[in-house]
Structure formats: C-alpha cells, structure tokens
Ligand code: MN
C-alpha cells in the first residue's frame with residue numbers, strides 16, 4: 002500500500018504547488034473515519050481509498066481530485082458528513098465527494114434497465130465536474146482489482162457486467178486507454194473466465210514458440226526508421242486477452258486467423274515525422290489493405306490523434322502500428338486527465354469538452370437524441386437499442402425493435418391503438434428498425450386495432466404476445482361473422498330463415514360443440530352453407546344450386562365482407578388487388594377463410610372445377626371505409642427529364658399514395674413501370690388512371706391484371 006509520504010511526494014513531483022498540508026490531513030481523516038472497517042479481502046478498508054488516490058496520481062490529477070480519492074467513501078460508509086468535509090477541505094472537495102457519493106448510492110443495481118438509469122446519472126454527475134467521473138472510474142478500477150474477494154458470484158458478475166457496459170466505454174470516451182483496457186479485461190475474466198484462459202494459454206504458447214517477437218519487431222522497426230533518419234521511440238505489446246476476444250467475435254474468426262495480436266507504437270517528435278514514418282513503413286513492409294486511418298487530420302471525438310496502419314512486419318506477422326508525436330501520445334495515454342493537469346474550471350475551458358457539453362445539452366433538451374448514445378460509443382450495448390419518448394424518457398429495447406415494439410413497451414393500449422410513428426419527428430413505417438438515440442412518437446387512434454402482419458416484424462415478446470392474443474380473438478370473431486353470413490345466404494336461397502334452434506339441431510350431425518363452433522367452422526370453410534342447410538333439412542334432397550364462375554352481378558345471396566379485417570377471415574388476392582367497387586368473387590379455402598378476387602381475375606380459372614369453393618361476396622355498400630386498398634397499375638412513361646415527376650404529381654394530385662414502384666423495363670425512349678397505389682376504391686383508381694392518361698409524358702396506363 003502507498004504510504005502517506007509516498008503519495009504526497011508523488012503529487013508534489015508533478016504539481017509542486019499542491020497543498021501538502023491538505024493531502025496529509027485528508028489521508029489521516031480518511032484513515033480515522035474508516036477506523037476498523039474491513040474490505041472483503043480482509044484488508045483494512047482504508048487501503049482502498051489510498052489505492053484510489055494512487056491510481057489518480059498515476060494520471061497526474063490535481064490535488065483536489067487526489068483528496069477526493071482519499072475521502073470518496075467517507076460520507077457513504079462512515080459518520081463523516083459533506084459539511085464536515087466542506088469545513089475541513091473546502092467547497093470544491095466537498096462537492097466532488099458529494100458527487101461520487103451520489104453515484105455510489107445508485108450503484109446497487111439489479112437489472113439492465115437500472116444500468117441505463119445509472120448511466121444517465123453518471124453522465125449528469127460528470128457533467129457537473131468531470132473529476133467526479135475520474136474518481137469514480139479509479140474507484141471502480143480498484144474494486145475490479147479486488148473483485149475476486151467478493152464471495153457472491155452473482156454480485157461479482159453484476160459488477161463485472163456494469164464495468165463492461167458502462168465504465169469501460171466511458172473510460173474510452175474520456176480517452177484513458179489503459180483504464181479502459183484493464184477494466185474490460187478484468188470484467189472479461191469474471192464474465193467469461195474460460196474464454197480468457199484459453200486466449201492467455203494460446204498467447205503463452207506463441208511466446209514460447211516464437212520467441213520474443215515483440216522485441217525483434219521493435220528493434221527492427223527502430224532500425225528501419227533510423228536508417229531513413231527518423232528518430233523514433235518504438236514500443237510494442239501484446240493486445241489484451243479481451244481485445245483479442247472482442248475482435249475474434251466481431252469478425253467471427255478463429256484465433257489462428259487473428260494474426261495481428263501485437264500492436265506497436267512509433268512516437269516521433271513532429272507531426273510531419275508521423276507521415277514520414279508512415280511512408281517508410283509502407284515502403285518497407287507489405288501493407289494490409291484498408292487498414293490505414295488518419296486520426297491526425299480527423300481526430301476522434303475524444304481528441305485522440307494518431308496514424309493507424311497494419312502491415313506484414315519483420316517476422317511476417319501481421320502487426321498494427323500507431324504513429325504519433327509525444328504530445329499526441331500524452332493525450333492518448335491520459336485522455337481528459339492530460340488537459341486537466343493543474344488546470345481548473347475545465348468545463349469553462351471549452352474546446353476539449355465540447356462532446357461533454359453537447360451530451361449535456363442533448364440530455365437537458367432531448368433536442369437531438371439521435372446523437373446521445375452514438376457519442377458515448379457504448380459498443381457493449383450492441384444487443385440493445387436505446388430510444389426516447391418525446392418527453393425524453395429512456396426506453397431500452399432489444400436490437401431490431403420497431404416502433405410497434407416501442408409502443409407496446411410503453412403500454413399495451415398504446416400498442417393496440419397504434420396507427421403510425423414519428424421517428425425523430427418524421428413519419429416512418431411501423432416496421433422501421435429503431436436506432437440508438439431515436440426519438441419515437443407513437444400516433445394512436447381509438448378505432449385502430451393491431452394488424453396481424455405486425456407479428457412478422459416485431460421482436461419483443463410483449464408485442465408479439467399482445468398481437469397474437471388480439472389476432473386470435475379477432476380471427477375467431479371474424480370467422481364467426483363470416484360463417485353467420487354464409488349460412489344466412491345459403492338458407493335464404495332455399496327460402497328459409499336461420500333460427501338458432503335449427504342450428505342447434507345440426508350440431509351433433511356436423512360434430513360441432515356449439516353454435517359458435519359451427520359458425521366458425523363455416524367461416525373457415527370446413528363446411529359450406531349448403532352443408533348446414535342439408536343437415537337441417539335432409540329431406541329437401543334437391544340438387545343444390547352452386548355458385549359458379551358464370552354468376553353475374555351482385556346477388557341478394559352475396560356475403561357482404563363488411564367489417565371484416567383483411568388478413569384474418571378475409572384476404573384480398575394479391576394477384577388482382579380487388580378494390581371496393583370491383584365485381585368480386587370469393588374463394589373459400591379450408592382453414593383460411595375467403596380470398597377475394599376480381600371477377601375477371603385469371604387465377605379464378607384454377608377453381609372452375611371446384612364450384613364448392615366459390616362464394617358470392619360483395620363490398621359493403623355505403624358505409625365509411627377508412628382503410629386504403631392497394632391497387633396496381635402498369636405505366637409506360639417517356640424517358641425524359643421531368644416525366645417521373647409529372648407521373649407522381651398526378652397521382653399525388655388525386656390523393657393516391659404510392660406504396661411501391663418498380664421499373665420493369667427501361668429503353669432509350671420509354672420506361673415501363675409497375676406502381677402500387679393505395680386508393681379508396683375502384684372509382685378513385687379510375688380517376689387516377691384518367692388523370693394520368695391526360696398527361697403527355699405518360700404513354701399508356703393500365704390497371705394490372707394478375
Ligand atoms: Mn470506493
């Protein structure tokens with residue numbers, strides 16, 4: 002453990018103006034406050050704050066940060082108060098300790114949703130003073146170093162998970178690379194001990210067999226650069242087991258294929274030396290294509306600057322090389338801390354913390370939330386997406402989630418009445434996959450109900466269960482209504498009325514348990530209306546008249562398809578896209594209900610031999626039909642500027658909505674395209690077609706037949 006005088010000397014070595022007296026008092030205060038408390042390791046508790054202060058001094062942090070490191074657990078775990086600390090160490094230290102304490106209080110986490118909340122609080126806390134985050138990170142680092150002493154495996158893994166998800170990415174974000182790597186690797190050892198062990202073993206094997214490759218490459222690189230007159234400090238290292246594992250997983254490759262397990266760093270005096278060194282390396286070794294990155298011209302958001310390249314190095318090994326100046330190196334190693342040294346009021350210092358201020362603004366106003374998590378680079382949340390409600394509430398969803406999932410996650414009722422969505426204030430299809438930071442507004446309507454086809458794109462269990470439950474009950478109801486209509490028409494054709502008693506009397510014969518079952522069975526096409534009639538009046542015996550393809554016009558025996566939701570008991574054929582107003586006919590298929598075709602649809606010829614499957618159907622007359630129907634037209638369009646614009650203008654003018662557009666053929670003179678338009682009914686479509694025919698850019702328009 003770091004002794005009192007060692008710590009003070011370390012701080013004085015980089016900050017001669019440090020308040021030695023305050024450091025000494027803080028050391029003693031913390032020691033006394035923690036008294037006989039013990040860590041899980043059995044060590045005196047006081048060792049922990051001293052180690053945290055030591056970690057902070059490695060980054061040459063200012064005196065207040067070191068004092069905060071020493072005191073960070075006193076308010077949380079001892080009788081000391083923030084007021085005590087303020088009177089002894091001043092307002093700045095008191096605020097910092099208070100900030101760290103508040104973070105600790107939310108640390109007792111149990112699930113992923115809470116983690117997201119913790120993350121928000123972390124951001125808020127560090128926005129007040131970045132040093133709160135630095136102390137918290139150092140605290141976490143030491144806790145990870147001593148994680149093995151915690152007896153509960155569940156607790157260890159929760160801490161490791163949070164470290165991986167939040168602390169490591171944040172360490173990267175503030176540019177402290179070695180903290181990030183150590184946090185990740187220690188969390189990895191807890192979360193996936195076997196994987197880490199096998200990687201460590203493999204690295205050991207390579208070392209034993211290949212000898213000191215790092216050393217060989219380092220000296221050869223140094224020599225090669227020196228030969229060209231470039232004075233460079235070259236260092237090399239093996240990558241951490243976690244970063245190797247992460248790469249293997251990300252690229253989905255095995256260890257053997259992952260050859261660049263070593264990284265080398267070339268540090269040179271001037272910026273122009275970086276590019277010269279790059280030239281020498283590229284001239285000397287075979288470059289791995291596509292790996293060069295210039296973070297000097299375009300620094301990373303955390304101010305990291307360097308040139309990155311990959312080459313087949315001296316030992317024919319694939320190696321990664323980073324080239325930078327001493328100054329860039331300092332920033333890369335210390336990150337935020339590099340700017341922090343001896344400077345105060347960093348947040349007002351500007352430039353360096355633009356990202357933090359932006360983050361803050363985003364959180365405060367939820368104006369541009371799409372940048373929120375993207376900026377924080379939370380790669381470890383890769384199996385989740387975080388979205389916001391218009392009020393700025395954070396919602397955590399699995400990757401691939403859609404606005405419908407979002408709606409159901411908010412509330413079942415919102416999901417059930419969802420009609421559309423705005424993503425980042427723009428209308429977007431309900432099947433759109435959400436991205437991190439999206440702001441979602443769900444548009445609802447009281448008379449909307451879930452669509453069966455939502456099930457094909459939702460990813461959350463809740464959404465799927467709700468849609469299924471709705472569809473199941475609705476479908477049965479729809480089959481029931483359809484069955485009722487079919488039976489009524491069949492009976493009317495025979496001059497009889499349907500009474501419940503009659504239906505009850507046929508249940509046994511038709512092996513149905515209830516009238517409801519019978520109606521559903523007829524709706525599903527398991528029995529025809531005539532079957533029911535024959536069961537009810539067996540002696541009538543005359544050959545039943547069947548509906549045939551020759552039937553013309555709307556008959557009074559036709560089944561109205563009013564109130565039937567397409568996709569459940571009734572389906573509109575995809576071959577002919579029937580529209581309200583079209584002459585239609587239904588084809589019953591068992592278990593599926595009725596598929597509606599236009600009377601002239603060619604598909605119907607397949608059913609000529611199966612008259613029992615035909616049902617006379619008719620559109621509901623006169624009722625408000627708010628749903629749109631998809632129709633398809635074939636258009637031949639002059640191939641000249643503006644003709645496509647003219648086409649879409651006409652369709653828009655008639656309030657048709659293009660839902661799909663496909664170019665089938667494209668010659669010098671003409672385009673042939675197929676356009677799907679949502680229309681109200683056949684009259685609406687006819688108007689659009691007439692409008693298009695008037696336009697000179699359009700050579701021909703036909704409604705698509707099958
Ligand atoms: Mn602590």
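Numbering (our numbering), first residue to last: 2 to 707.
The beta carbon of each residue, even a glycine, is placed where N, CA and C say it ideally should be.
- For the 8 Å CB-CB criterion, residue 451 and residue 406 do not form a contact.
- Excluding residues up to 5 positions away in sequence, 197 lie with their Cβ nearer than 7 Å to the Cβ of residue 190 in the same chain.
- Taken in chain order, the complete beta strand (DSSP E) segments of 3 residues or longer contained in the region 633-684 are 658-667, 671-680.
- Taking the CA atoms as reference points, residue 240 sits about 16 Å from residue 211.
- When the five nearest sequence neighbours on each side are left out, the beta carbons in the same chain lying within less than 8 Å of the beta carbon of residue 42 are those of 147, 150, in order along the chain.
- In the DSSP assignment, residue 630 forms a beta bridge with 680.
- Beyond the five residues adjoining it in sequence on each side, residue 3 comes within less than 6 Å, by CB distance, of 51, 55 in the same chain, given in chain order.
- Counting other Cβ atoms within 10 Å of its Cβ, residue 396 reaches 16 or more and is therefore classed as buried.
- Excluding five sequence positions before and after residue 605, the CB atoms of its chain that fall closer than 8 Å to its own CB belong to 550, 586, 588, 598, given in chain order.
- Relative to residue 638, the option among 666, 659, 629 whose CA is nearest is 666.
- Pairwise C-beta distances place the region 80-87 out of contact with the region 176-188, as fewer than three of them are shorter than 8 Å.
- One Cα belongs to residue 186, the other to residue 453, and the distance between them is close to 46 Å.
- Closest option to residue 699, judged by alpha-carbon separation, among 682, 649, 658, 448: 649.
- Cβ neighbours of residue 602 within its own chain (closer than 7 Å, five residues either side excluded): 574, 576, 577, 707.
- Within the same chain, 181, 184, 185 come within 6 Å of residue 169 by CB-CB distance, once the 5 residues on both sides are set aside.
- Uninterrupted alpha helix (DSSP H) stretches at least 4 residues long and entirely within the region 203-254 occur at 214-228, 242-252, given in chain order.
- If you ignore the 5 residues before and after residue 582, its C-beta comes within less than 8 Å of the C-beta of 620, 682, 683, 684, all in its own chain and listed in chain order.
- The set of residues with CB atoms less than 6 Å from any heavy atom of the ligand MN reads, in chain order, 49, 73, 74, 140.
- Judged by DSSP secondary structure, residue 613 falls outside any beta strand (DSSP E); it is assigned neither H nor E.
- DSSP, reduced to helix, strand and coil, places residue 294 within a strand of the structure shown.
- In this structure, DSSP gives residue 39 an extended state, which the three-state scheme calls strand.
- With a contact defined as Cβ atoms closer than 8 Å, residue 403 and residue 436 miss out at about 11 Å.
- Secondary structure remark: continuous beta strand (DSSP E) runs of at least 3 residues inside the region 585-612, in chain order: 585-590, 594-599.
- Listed in chain order, the non-local C-beta contacts of residue 278 below 7 Å within the same chain comprise 226, 231, 233, 267, 269, 324, local neighbours out to five positions each way being set aside.
- Between residue 528 and residue 511, the CB-CB gap stays under 8 Å.
- When secondary structure is reduced to three states using DSSP, residue 485 falls in the helix class.
- In the structure shown, residue 310 falls within a strand segment according to DSSP collapsed to helix, strand and coil.
- Judged by DSSP secondary structure, residue 572 falls within the beta strand (DSSP E) whose first and last residues are 571-573.
- Cβ-Cβ distances below 6 Å link residue 48 to 2 in the same chain, with the five nearest sequence neighbours on each side left out; the list follows chain order.
- Looking at the backbone, the Cα of residue 222 and that of residue 388 are separated by about 47 Å.
- In summary, residue 228 is exposed, with fewer than 16 beta-carbon neighbours lying within 10 Å of its beta-carbon over all protein chains present.
- Taking residue 498 as the centre and dropping the five residues before and after it, the same chain places the C-beta of 492 closer than 8 Å to its C-beta, in chain order.
- When Cβ pairs closer than 8 Å are counted between the two stretches, the region 441-450 is seen not to touch the region 480-488, the count staying below three.
- A direct Cα-to-Cα measurement between residue 27 and residue 292 gives close to 49 Å.
- Membership of residue 145 in the alpha helix (DSSP H) is indicated by the continuous run 131-146.
- According to DSSP, residue pairing for residue 321 in a beta bridge involves 264, 311.
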